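Enquirer:
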Amino acid sequence: LRMRKPLYVVAASRQGATERGLRRLVRLGAVALDPQRMPDSAALALLMADYRPPPCVGQIALFESLDA
Numbered sequence: 163l164r165m166r167k168p169l170y171v172v173a174a175s176r177q178g179a180t181e182r183g184l185r186r187l188v189r190l191g192a193v194a195l196d197p198q199r200m201p202d203s204a205a206l207a208l209l210m211a212d213y214r215p216p217p218c219v220g221q222i223a224l225f226e227s228l229d230a
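Residue 163 is where the sequence shown starts when you use the numbering used here, and the numbers rise one by one after that.
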């Protein structure tokens with residue numbers, strides 16, 4: 163968190179010290195991921211297949227020619 167990079171934590175246990183540590187990390191700015199709500203590999207493959215990154219200003223003409 164000090165390096166200004168995102169920190170993702172997965173809650174493996176919701177008991178005692180582990181839960182307190184997770185809550186402290188989230189208060190400091192970490193993003194908690196719930197394993198029960200994460201997509202499986204098939205859903206991730208579909209997301210990757212449909213993902214199109216937003217074009218930067220220099221590439222707009224390239225993307226417009228593909229949409230036509």
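Each residue gets a CB set at the ideal place from its N, CA and C atoms; glycine is no exception.
Treat the numbers as computed from the prediction; the structure is a model and nothing was measured.
At which residues does the beta strand (DSSP E) containing Leu195 begin and terminate?
Expert: 193-195
Enquirer: Start and end of the alpha helix (DSSP H) containing Asp212?
Expert: 203-212
Enquirer: Compare the beta carbon distance of Pro197 and Val171 with 8 Å and say whether it is the shorter of the two.
Expert: no
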